[in-house]
Amino acid sequence: MRMDNDLWPVVRESARRVLRLENISIKLPHKLKSSFQKLCEEISQYIPSRLIFPEAEFGDFESIEIKLLEPEIDLPEVIVVIGMIEPDENICWIESDIIQGWTWLLESCYDLLEAGYPGCLGCGGPNSEEPWNELDYRSKRKLPD
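For the sequence shown, the numbering used here begins at 26 and goes up steadily by one.
Shown next, in the form of structure tokens:
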């Protein structure tokens, strides 16, 4: 995904959440099982100290949903949705076909892992140290050029 894509900021934030938060579960279609397994392998390789990896629930879903298994301060239970149906305004929403959105998320995860994220300062990309504001992002994204 190119940085000039209007979804790039939310894809990047979603990838940071997947890599930073340990107790997460991902609901995704059966056909994405091998790519999910590869993601876990890459996390294991780049973050060898990590002992807890994402869990998966496979099924016939219309969207991909990433949620916390244990509550975190300032985060909703569902932290990322990939699909065409808009979730609550405090959830990172990758508005995309689920296959394309998942591909973008994985690419961003791999880029961040190669850069040393989450064990480095500033390597998460522009504004990665700032709190994410999904509502602000969506309102700016919908403004005409």
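All residues carry an ideal CB built from backbone N, CA and C; glycine is no exception.
Straight-line CA distance for residue i to residue j?
i: Ile119; j: Leu76; result: 28 Å
i: Ile123; j: Ile91; result: 13 Å
i: Glu114; j: Ser39; result: 14 Å
Of the choices the options, whose alpha-carbon is the least far from that of residue i?
i: Ile68; options: Gly126, Leu138 and Pro156; result: Leu138
i: Leu94; options: Glu132, Asn158, Phe86 and Lys52; result: Lys52
i: Ile72; options: Tyr135, Gly108, Leu57 and Glu114; result: Tyr135
Spatial neighbours of residue i within its chain, please: CB distance less than 8 Å, with the 5 preceding and 5 following residues excluded, ordered by chain position.
i: His55; result: Phe83, Gly84 and Asp85
i: Glu80; result: Ile49, Ser50, Ile51 and Leu94
Is any beta-carbon of chain C found at less than 9 Å from that of residue i?
i: Ile107; result: The structure shown has no chain C; it contains just one protein chain.
Keeping to the same chain, check which residues put their C-beta closer than 7 Å to that of residue i; ignore five residues upstream and five downstream.
i: Tyr162; result: Pro34 and Val35
Tell me, please, which residues DSSP counts as bridged to residue i.
i: Leu53; result: Phe83
Grab me the residues of residue i's own chain with a C-beta within less than 6 Å of its C-beta, minus the 5 sequence neighbours each way, in chain order.
i: Pro143; result: Leu44 and Arg45
Could you give the uninterrupted runs of the alpha helix (DSSP H) lying entirely in the stretch 76 to 126, keeping only those of 4 residues or more? Scanning the stretch 76 to 126 from its first residue to its last, no whole alpha helix (DSSP H) run of 4-plus residues comes out.
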